[in-house]
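Remarks on the structure that follows.
There are 2 protein chains.
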Amino acid sequence: MTTRRDAVHDTLRKSEGFRSAQDVYAEMRLHGAKIGLTTVYRALQALADGGQVDVLRTDDGESVYRACATGSHHHHLVCRRCGRTVEVAGPAVERWAEMVGSEHGFTEITHTVEVFGTCASCSAAAKAG
Amino acid sequence: MTTRRDAVHDTLRKSEGFRSAQDVYAEMRLHGAKIGLTTVYRALQALADGGQVDVLRTDDGESVYRACATGSHHHHLVCRRCGRTVEVAGPAVERWAEMVGSEHGFTEITHTVEVFGTCASCSAAAKAG
DNA sequence: GCCGAAATGAAAACGGTTGTCAAAATCCGC
DNA sequence: GCGGATTTTGACAACCGTTTTCATTTCGGC
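Chains E and G supply the protein sequences, listed in that same order.
For the record, in the first sequence the residue sitting at position 103 is 120 according to the working numbering, with numbers rising by one throughout.
For the record, in the second sequence the residue sitting at position 124 is 141 according to the working numbering, with numbers rising by one throughout.
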């Protein structure tokens, strides 16, 4: 039965950025869904396993998820103030990762890249404040 | 007083790869050090703030630390089987991160890059097994 | 030695995540 | 449709790394 899993996926699709499991759970409850936190966690894990969602860890160790239309590989540029997220492709980085890996005899290379910064509006706000 | 902090730093230096806070704590106790877990955490945070140690999050949300000779920026190539770690420099990646950030109007750009793979001996072992 | 400030550490609190287990839903053969 | 096996669900508790609390200890200056 994937009804609940689909519901979780839908909720994630409606969201713009990354959402934590607890966020997703809270939102689903708000919309009247009868679902438990446990099931949300399980659904998210299943979706992540199946490559239907991106997962990443925030600096404080929370897992955040994001619906991902295609399985295409990309990275994220995240504003450290407002959390705004931009997807960025980095073929150069992909190649670099492969290269440094194979240079050292590593195989089956994967990599995680997260770029953090302060976005234009937030840095403007910071200067103003 | 940085006595404890130095002790933590020393312990980390004696270790080869990344160690968790609890690891460091356990090891220090083994060696007879009278130190509390709280202090280890505080020391590690202070060292990380000062750039004397690298910090990264494992996939299960644990923070791991590693003594870092210089404050120079580098990344890590980690074997997903044995945990062996190689420090790699990636000027190309640094420039790429800066570029994608500024392209989108972001400032104060930082980034995290971790490359995972299976190291030569582990992949050999896998084929053998 | 004495005082205030900073550091320390034991224990409790915290928070996200995972496990437990009984109840409910679903599937299957009939 | 029906009974039983199987899977899914979710409330709750356990878990675990981390952080906070707060009383105690230590340090620096006098």
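Using N, Cα and C, we set each Cβ at its ideal position, and we do this for glycine too.
Taking CB distances under 7 Å as the criterion, tell me whether residue i reaches chain G.
| i | result |
| --- | --- |
| residue 74/E | yes |
| residue 70/E | no |
| residue 95/E | no |
| residue 41/E | no |
| residue 34/E | no |
| residue 105/E | yes |
| residue 81/E | no |
| residue 109/E | yes |
Below 7 Å CB to CB, which residues in the same chain sit around residue i once its five sequence neighbours on both sides are set aside?
| i | result |
| --- | --- |
| residue 63/E | 22 |
| residue 58/E | 38 |
| residue 44/E | 28 |
From the beta carbon of residue i, is the nearest beta carbon of chain E less than 7 Å away?
| i | result |
| --- | --- |
| residue 114/G | yes |
Using a Cβ-Cβ cut-off of 6 Å (strictly less than) and excluding sequence neighbours within five positions of residue i, which residues of its own chain qualify?
| i | result |
| --- | --- |
| residue 152/E | What is shown of chain E runs 18 to 146, which leaves residue 152/E out entirely. |
| residue 39/E | none |
| residue 132/G | 94 |
| residue 118/G | 126 |
If I follow the unbroken alpha helix (DSSP H) through residue i, where does it start and stop?
| i | result |
| --- | --- |
| residue 46/G | 38-47 |
| residue 24/E | 20-31 |
| residue 66/G | 54-66 |
| residue 114/E | 108-120 |
Hey, could you find the ends of the beta strand (DSSP E) residue i is sitting in?
| i | result |
| --- | --- |
| residue 91/G | Here residue 91/G belongs to no beta strand (DSSP E), and DSSP marks it neither H nor E. |
| residue 134/E | 124-135 |
| residue 104/G | 102-105 |
| residue 71/E | 70-74 |
| residue 84/E | 80-84 |
Tell me, please, whether the stretch 69-76 of chain G touches the stretch 119-127 of chain G by the rule of three or more beta-carbon pairs shorter than 8 Å. no
Quick one: any contact between the stretch 132-140 of chain E and the stretch 22-29 of chain G, if contact means 3 or more CB pairs under 8 Å? no
With 7 Å as the C-beta to C-beta threshold (strictly closer), list the residues of the stretch 116-145 of chain E near chain G in chain order. 117, 118, 121, 122, 123, 124, 125, 126, 127, 128, 129, 130, 131, 132, 133, 134, 135, 136, 137 and 140
Would you list, in chain order, the members of the stretch 43-66 of chain E that have their beta-carbon closer than 8 Å to a beta-carbon of chain G? none
Closer than 8 Å is the cut-off here; do at least three beta carbon pairs connect the stretch 49-60 of chain E with the stretch 38-53 of chain G? no
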